[in-house]
Each structure stands twice: as structure tokens, then as C-alpha cells.
Amino acid sequence: MANFDIFDTIDQLRQTGEAFCVATVLRTADATSAKAGGKAAITRDGQILGHLGGACVQRAVRSSAHEALASGAPQMIRVKPSKKVVNMTDPDGVQTFRSGCPSGGTVDLLVEPYRHAPRLVIFGGSLIATALAAHGALAGFRVCMSDDAETSGAYTRFAQDKTADLGIEARDFVVVASQGQGDSVALKAALETGATRVSMVASRRKADTLTAKLIAQGMDPLQVARLKSPAGLDIHAIDPHEIALSILAEIVMWRNSDKSTERSHDEKLA
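Last residue of the sequence shown: number 273 in the working numbering, and the count goes up by one each step with no gaps.
If you want it as C-alpha cells, here you go:
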């Protein structure tokens, strides 16, 4: 731990692109090795970087960090001796964890998730694809584009046969904008990702024809059912930038709707 700086560590973790949590000791009572103001970063795989206290505190923090990363919401927790725990939630609403550590102390912590902005993954190099990339970057998305797209934007590039290397998550957004250039291959790769929201710049008839072929080739119909086509909201868009704007508007609507659903879920659990 020599020369360890938690803020440098947090900055380094932010650069990796992986989600993590930051835990802060808010209050301590009685004897405990944890001190108010102490901080640590908790990686997705449960590694704790920093000092928060003994093993009992670490177990509670790992569990809380897992929940925080799943929900995207911060967690307030309290670790206290088993003999003092009556319910798993204290009267003030704080989630409680039992501690068997001999110190007999109580520790209150705040566990905050850090999740990077969702990815906007665009298949194809059409004018709509490049316009969507530009609009998406301005809206704060982490834009990923097919490596055959002719654009000078500083986007993450990927090969369609190595899409899995991106680590696409359910909360990311995938758009197929190949427009006649390898549509079947692009759509198959897009639907094989883990993204919940997949859309395609194509007519409904064309999309139906392509997805029917994918199902005939063995793709699970539930995977195919995620596809939204035509992509975008109906704003009577005409040129590539207007169409890209309609697609991005739909994605923003989905993103904010998903956040509202997460908040409602958290409120029900509170």
C-alpha cells in the first residue's frame, strides 16, 4: 500500500472502461480499524483497492458493490456486531450486515457505482451510420463503428467477426445501418450481441425477410424479437442527419425509460 492514492486508482479504473464502485466510510462507533473518510475502489470481480476495515466489512462491501453495479444505484450499508442486529434493515432505513469480527465496532458506508456511458455500436459505413456516430458522440455515448466506415471521428473501431471483443452489455445500443452492404452478416452479428435494444435502418418488410432467414438458419426467435425496424422515431426525416437524429432520439427515449424503470424498482425495494 506504499504510495497508494485512492484518487489515482479511481482515475486509472475509469480509463479501463470497466464498471466499478467506490466505498466511503461515513461513520464508525466503538473499536474498529476502519476510519471515517476512508475510501476504496471495488472492481467488478470483487477486488478491493484501499482500506475499509477487516474481513467482515470487506464481505459486506463486496456484496453491496455487486448490487450497486447491477442496479446502478448507490447503497448505504451498516456493518455491526451480530448480537446488535435485530433486523436486516435498521429503523433509519440502512441495510444492515452482521459482523463477527472481535473488534465489536459498527461501520456505516456509502457504496457508489461508477458506470461508463452506454455504448452506441453502429454496424455499417453508410452516410446515416457516420451521421449517427457524430450525433451519438455529442450526446455522450461511447461510439463504436465498423472498421470499414469512412470517417475521421475518434471512435472505437471493430471488425464484424470480432464484435464479441467489445463486451457489449444489455444497456448498450446497437444499430445496423449497413444499407445494402452486407446486411445479413451485419444483422446476424448485431443480434448475437448482449444488447437489449437493437434497431436497423431498413423497411419493416426488408427486416422481416432478413430475420426470417436468420431463424431458418437456427437463430433463436427470441433473439430476433429484439429488433426494431425501421430504426428511429417518425419525425418525417429525409436526409442522413435527420434520420440519424430520429434514431438517436429513439435511443435517448429508451435510455431514459430504462433509467426510470430502474428507479421504480429501487423504490419498491426500499
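Glycine is no exception: its CB is placed at the ideal position from the N, C-alpha and C atoms.
| Item | Value |
| --- | --- |
| 6 angstroms CB neighbourhood of residue 285 in its chain, flanking five on each side removed | Within the shown structure, residues of the chain are numbered from 4 to 273, placing residue 285 beyond reach of any answer. |
| For residue 51, the residue or residues it bridges with in DSSP | 45 |
| Residue 101 versus 15, 245, 43, 59, residue with shortest Cα-Cα distance | 59 |
| Nonlocal neighbours in the same chain, by C-beta distance under 6 angstroms from residue 140, ignoring five residues either side | 146 |
| Three-state secondary structure (DSSP) of residue 26 | strand |
| Boundaries (first-last residue) of the alpha helix (DSSP H) holding residue 174 | Neither: residue 174 is in no alpha helix (DSSP H) and is coded neither H nor E. |
| Contact belief for residue 135 with residue 27 at Cβ below 8 angstroms, rounded distance in angstroms | Not a contact, Cβ separation roughly 39 angstroms. |
| Enclosing beta strand (DSSP E) for residue 220 [first to last residue] | First-last for residue 220: undefined, no H or E at that position. |
| Neighbourhood of residue 31 by C-beta distance below 8 angstroms, restricted to the same chain and skipping five residues each side | 37, 38, 39, 108, 109, 110, 111 |
| Distance between residue 119 and residue 257 (C-alpha atoms, nearest Å) | 17 angstroms |
| Counted within 10 angstroms of its Cβ, other Cβ atoms place residue 160 as buried (16 or more) or exposed | exposed |
| Residue 19 versus residue 46 - alpha carbon distance | 11 angstroms |
| Three-state class that DSSP yields for residue 229 in the structure shown | coil |
| Inter-stretch contact at 8 angstroms, needing at least 3 Cβ pairs: the stretch 200-216 / the stretch 233-252 | yes |
| Option nearest residue 172 by Cα separation, candidates 85, 131, 121 | 121 |
| C-alpha gap between residue 271 and residue 85, whole angstroms | Its pLDDT being 46, under 50, residue 271 is placed unreliably in this model, and the value from its coordinates should be taken loosely. Between residue 271 and residue 85, the C-alpha separation is close to 27 angstroms. |
| Test item: CB-CB of residue 274 and residue 149 under 8 angstroms | In the structure as shown, the chain begins at 4 and stops at 273. Residue 274 is therefore absent and cannot be evaluated. |
| Closest Cα partner of residue 129 within the set 152, 165, 233 | 152 |
| Same chain, Cβ closer than 6 angstroms to residue 231, neighbours up to 5 away in sequence not counted | 202 |
| Three-state secondary structure assigned by DSSP to residue 206 | coil |
| Residue 115, enclosing beta strand (DSSP E) - first and last residue | 109-117 |
| Through-space distance from residue 75 to residue 208, alpha-carbon basis | 37 angstroms |
| Rounded straight-line distance, which links the Cα of residue 164 to that of residue 21 | 22 angstroms |
| Three-state class that DSSP yields for residue 182 in the structure shown | coil |
| Cβ-based burial, residue 234 [other Cβ within 10 Å; buried from 16] | buried |
| Residue from 216, 225, 244, 70 with nearest C-alpha to residue 115 | 70 |
| Residue 97 - DSSP class collapsed to helix/strand/coil | coil |
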